[in-house]
Structure formats: C-alpha cells, structure tokens
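**Q** If you scroll down you'll find the structure; I have some questions about it.
Residue numbers (this note's numbering): 14 to 143.
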C-alpha cells in the first residue's frame, strides 16, 4: 500500500503518535514538517483510516469488475437463448456447440454471482452495514 499524498502534494511520511490518547498509533503527515524553514501543509491522516479507505476503493473496483463480467455473461446467455429459440421455431435440432457453450455460460454466470455476493458481504462488513 502506497502512502497518501499530502496537500503539497508530496508522499506523506508515516509517524508514531506519542500522545496519551493515541499511544503508538501510526499516522501520516506532511514530510515538510521535518524540514526547518519549510512551510508544511498540515496534512494528517491516521494509518488505519488510510488502510480502510484503500481497501474500500479496491473492493469497489472489484465489485464493478464483477458486475461488468456478470453483464457480459448475461448478454452471452441471452444470445444463446435466442439461438436456441430460433432452432426450436425452425424445428431443427440445435447444435451441440450451443448446448456446450450454454453450459459454460451458466457456469461462468454462477461463478460471477458467487464472487459478487462474497465481495458484497466483505464490503458490507468493512463499511459496518451488517
């Protein structure tokens, strides 16, 4: 995980709190704070808060990717269903490739739904929605 950028914008430095309220809690601050004569931006963020924000962004991205994958699989399934209906209307035997592809599509769809459900549970847990 990369450190956040402060408002300067420079890579924030990780420090350790020595306060009685937050002893040994890590936080990020502006790196210019350590250099005499340099005006710092006053940036401050707790390390654990930053880690949760990064995790949330990653989960949101993962959910979006799975939703796109699910949409692709649903579209492929719709096309295969149309081909299957066309064969049935024409009273022709459907090719085995449609059946095989349909089985593969169904498996892909179930996997995508399962992954999406698992990730949504993780997101809800992370955000305290459960």
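A virtual CB, placed ideally from N, CA and C, is assigned to each residue, including glycine.
What number of angstroms, rounded off, separates the C-alpha of residue 14 from the C-alpha of residue 67?
**A** The straight-line gap from Cα to Cα measures roughly 8 Å.
**Q** Using 10 angstroms around the beta-carbon of residue 60, count the other beta-carbons present and answer buried if the total reaches 16, otherwise exposed.
**A** When all chains shown are included, residue 60 counts as buried.
**Q** Under three-state DSSP, which class holds residue 42?
**A** It is a strand residue.
**Q** Nearest by alpha-carbon distance to residue 58: which of 40, 48 and 36 is it?
**A** The candidate whose alpha carbon is nearest that of residue 58 is 40.
**Q** So what's residue 24 in DSSP terms, helix, strand or just coil?
**A** Of the three classes helix, strand and coil, the one that applies to residue 24 here is strand, per DSSP.
**Q** With a Cβ-Cβ cutoff of 8 Å, do residue 65 and residue 53 count as a contact?
**A** No; because the gap between Cβ atoms is not below 8 Å, this pair is not in contact.
**Q** State buried or exposed for residue 131, treating a residue as buried only when at least 16 other CB atoms are found within 10 Å of its CB.
**A** It is exposed - the Cβ of residue 131 has fewer than 16 other Cβ atoms within 10 Å.
**Q** Taking the C-alpha atoms as reference points, what is the distance between residue 90 and residue 62?
**A** Cα to Cα, residue 90 sits roughly 42 Å from residue 62.
**Q** Just to confirm the assignment, what range does the alpha helix (DSSP H) spanning residue 9 have?
**A** An answer regarding residue 9 cannot be provided, because it is not within the stretch 14 to 143 covered by the chain.
**Q** Compare the Cα-Cα distances from residue 81 to each of 103, 98 and 126 and report the closest residue.
**A** That would be 126, whose Cα lies nearest to the Cα of residue 81.
**Q** Count the other CB atoms, across all protein chains shown, that sit within 10 Å of the CB of residue 86; report buried if there are 16 or more and exposed otherwise.
**A** Counting Cβ neighbours within 10 Å, residue 86 comes out buried, since at least 16 surround it.
**Q** Could you give the distance in angstroms between the alpha-carbon of residue 29 and the alpha-carbon of residue 17?
**A** Their Cα atoms are separated by approximately 16 Å.
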